[in-house]
Amino acid sequence: MNYLDDTIAAISTATGEGGIGIVRLSGKDAIAVADKVFSSPKAKRLNDAKSHTVVYGFIIDPANNEKIDEVLVTVMRAPKTYTKEDVVEINCHGGMLPLRKALAMLLKEGARLAEPGEFTRRAFLNGRIDLSQAEAVIDVIRSKTEQAERLALQQLEGRLSARIADIKERLANICAHVEAYIDFPEEEIETPVKDAVIGSMQAATEDLMALSRGYDEGKFFREGVSTAIVGKPNVGKSSLLNALLQKDRAIVTEMPGTTRDVIEDYLNIKGLPLKIMDTAGIRETHDLAEMEGVKRSLRAIEGADIVIAVLDAGRTLDEADMELIERVKAKRAVFVINKSDIANPAFQPSTLNLQSIINVSALTGDGIDTLKDAVYSLCISTGGDAGVEDVIITNIRHKQSIDNALKSIKEAAEALEGGQPLEVAALFLRESLDSLGEIVGVVTTEDILNRIFSEFCIGK
Ligand SMILES: Nc1nc2c(ncn2[C@@H]2O[C@H](COP(=O)(O)OP(=O)(O)OP(=O)(O)O)[C@@H](O)[C@H]2O)c(=O)[nH]1
Ligand SMILES: [Mg+2]
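Sequential numbering of the sequence shown, starting at 49, is according to our numbering.
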């Protein structure tokens with residue numbers, strides 16, 4: 049189906065009663081079709097109206113000249129319109145009946161009912177906005193917090209597009225360099241050139257990684273950080289939960305194996321919402337309930353965004369501690385050395401070479417604030433609330449394209465460094481360009497477009 053050939057119409061305001069409601073038309077016959085159902089007291093025709101002006105009159109049924117509603121009609125001629133086509137917006141009274149009747153007249157006179165998102169789709173297909181901007185239109189409509197709306201507007205303005213275009217251009221330059229050498233097979237790529245190419249690839253990688261991280265961090269603020277407190281039995285996990293929450297949430301006893309189920313609560317650190325989970329101590333056991341608890345602890349580690357791994361300063365490190373450290377190594381993790389008030393001098397965590405170690409006493413409260421700071425910076429590397437200058441991606445599709453591009457660049461770098469034929473590196477670089485092209489819609493499939501625009505409501 050050629051989407052751009054005909055004239056589309058839809059009710060563009062929300063259903064229900066309102067002061068006004070708008071029927072929108074777009075396409076090369078938009079003004080002519082509207083004219084057929086329009087009548088003004090001074091017999092003014094919409095076709096004679098100047099672009100971007102408003103005309104007063106009535107919507108009528110051309111079959112019998114019966115008045116349907118009193119209206120104000122805005123005439124906007126291509127190309128400076130939402131779709132880059134001729135657009136007519138009819139402001140009716142806001143009840144559903146006049147709006148539906150007006151729409152029915154327009155459809156009878158040759159317009160086609162627009163599909164969901166079709167106006168915005170035309171804006172994209174006609175080149176007024178790129179795909180990430182089209183997606184931002186939905187985000188602006190749906191945003192529920194000021195922060196979300198600000199980010200969506202930035203994307204609509206093309207800030208993300210500009211950032212992606214800049215990185216693409218740099219990658220295209222690198223690619224051109226590499227390809228130039230392919231054309232002269234007798235030339236060996238000289239070391240300084242190769243180093244420069246790899247350096248530029250590194251710089252592009254860092255910029256893309258910052259974007260990708262920004263997605264995670266934005267998501268943390270929007271949806272919260274699921275945080276698991278884990279460790280051996282009796283190291284003080286439940287005590288730590290209570291100390292963090294400053295309330296007596298979980299049962300604490302001196303018996304190892306007290307906690308059996310996952311206990312959840314909520315904590316806010318400098319505006320960052322945490323869903324915090326206390327878990328059963330991990331150990332070999334034959335107690336059925338405790339076995340199930342341990343299973344849930346292991347699942348909590350897998351599912352959590354971040355892990356607080358607790359060790360006991362009053363004892364010495366053992367096999368079980370080492371296993372835990374191994375288990376959480378791949379996660380974002382903070383290591384808490386609890387019971388610092390009764391620390392055993394033989395306990396030497398510094399030998400473990402762990403990134404982030406915090407000494408805490410859940411009993412006295414020592415170190416709890418430091419732990420909160422550490423958890424915060426584990427989640428948010430940009431120093432918190434995204435600055436106005438920062439481009440933050442909020443769309444999983446963009447994040448996936450960026451991650452694919454990162455993978456291709458890495459493969460290109462490995463091919464170059466590993467002395468593989470230059471064609472291989474060039475191929476991976478092209479792949480990374482394609483992945484980034486998907487974000488703004490230079491490279492798209494009908495399937496991607498359908499998926500994106502079907503999320504819109506009709507009339508947008
Ligand atoms: N001295 C001291 N004792 C602590 C501290 N934190 C916890 N304890 C004690 O250690 C024992 C176990 O504490 P819990 O918080 O129940 O330990 P847990 O890791 O949740 O244990 P399980 O649920 O059995 O896995 C209790 O007797 C606590 O009072 C601390 O910082 N200092
Ligand atoms: Mg416990």
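The beta-carbon is built from N, C-alpha and C at its ideal position, and this holds for glycine as well. Quick caveat: nothing in here was measured; it's all calculated off a predicted structure.
Straight-line Cα distance separating residue j from residue i
i       : j       : result
Lys-132 : Arg-176 : 7 Å
Ala-381 : Gly-507 : 47 Å
Ala-80  : Ser-87  : 13 Å
Phe-383 : Lys-242 : 41 Å
Ser-260 : Ile-212 : 12 Å
Glu-302 : Val-283 : 10 Å
Ile-311 : Met-325 : 5 Å
Met-144 : Glu-118 : 14 Å
Ala-391 : Asp-313 : 29 Å
Gly-262 : Ser-209 : 16 Å
Ala-159 : Asp-77  : 8 Å
Asp-134 : Cys-140 : 19 Å
Asn-113 : Gly-142 : 22 Å
Phe-395 : Asp-414 : 18 Å
Ile-496 : Ala-184 : 15 Å
Tyr-130 : Thr-55  : 14 Å
Ile-186 : Ala-171 : 14 Å
Asp-109 : Lys-149 : 9 Å
Gly-467 : Ala-473 : 10 Å
Supposed contact pair residue j and residue i - C-beta distance, whole angstroms, cut 8 Å
i       : j       : result
Val-355 : Ile-349 : 6 Å
Ala-460 : Ser-483 : About 12 Å separates the two Cβ atoms, so there is no contact after all.
Val-71  : Ala-97  : With a Cβ gap of about 17 Å, Val-71 and Ala-97 do not count as contacting.
Leu-201 : Val-188 : 6 Å
Phe-504 : Thr-168 : 6 Å
Leu-73  : Ala-57  : 5 Å
Ala-328 : Ser-345 : 5 Å
Asn-386 : Asp-360 : 6 Å
Leu-219 : Leu-464 : Not quite, the Cβ-Cβ distance comes to about 14 Å (not below 8 Å), so this is no contact.
Val-300 : Ser-287 : 5 Å
Glu-471 : Ile-230 : 6 Å
Val-488 : Leu-179 : 6 Å
Under the three-state DSSP convention, the category residue i falls into
i       : result
Thr-239 : helix
Leu-402 : coil
Cys-140 : strand
Ala-58  : strand
Thr-418 : helix
Glu-163 : coil
Pro-110 : coil
Thr-493 : coil
Glu-302 : coil
Ala-434 : The pLDDT assigned to Ala-434 is 44, lower than 50, so where the model puts this residue is not dependable; a value taken from the coordinates is nonetheless given after this. If DSSP states are grouped into helix, strand and coil, Ala-434 belongs with coil.
Ile-444 : helix
Glu-65  : coil
Val-81  : helix
Phe-504 : coil
Phe-172 : helix
Tyr-130 : coil
Phe-268 : helix
Ile-349 : helix
Asp-360 : strand
Ile-151 : For the record, residue 151 in the displayed sequence is Leu; it is not Ile. It is helical.
Leu-191 : Checking the sequence, you will find Ser at residue 191 rather than Leu. Ser-191: coil per DSSP, three-state reduction.
Lys-377 : coil
Ligand 2 heavy atom lying under 7 Å from the CB of residue i
i       : result
Lys-285 : yes
Thr-306 : yes
Asp-326 : yes
heavy atom of ligand 1 below 7 Å from residue i C-beta
i       : result
Asp-309 : no
Asn-392 : no
Gly-300 : Here the sequence assigns Val to residue 300, which means Gly is not the residue at that position. Yes, ligand 1 has a heavy atom inside 7 Å of this Cβ.
Pro-469 : no
Asp-389 : yes
Asn-282 : yes
Leu-346 : no
Gly-415 : no
Asn-386 : yes
Ala-258 : no
Ala-357 : no
Ala-461 : no
Leu-411 : yes
Gly-67  : no
Gly-247 : no
*asked:* Quick check: the stretch 243–258 against the stretch 303–321, are at least 3 beta-carbon pairs closer than 8 Å?
replied: Not touching, per the Cβ criterion.
*Is the stretch 329–342 close to the stretch 437–444, with three or more CB pairs under 8 Å?*
No contact exists between the stretch 329–342 and the stretch 437–444.
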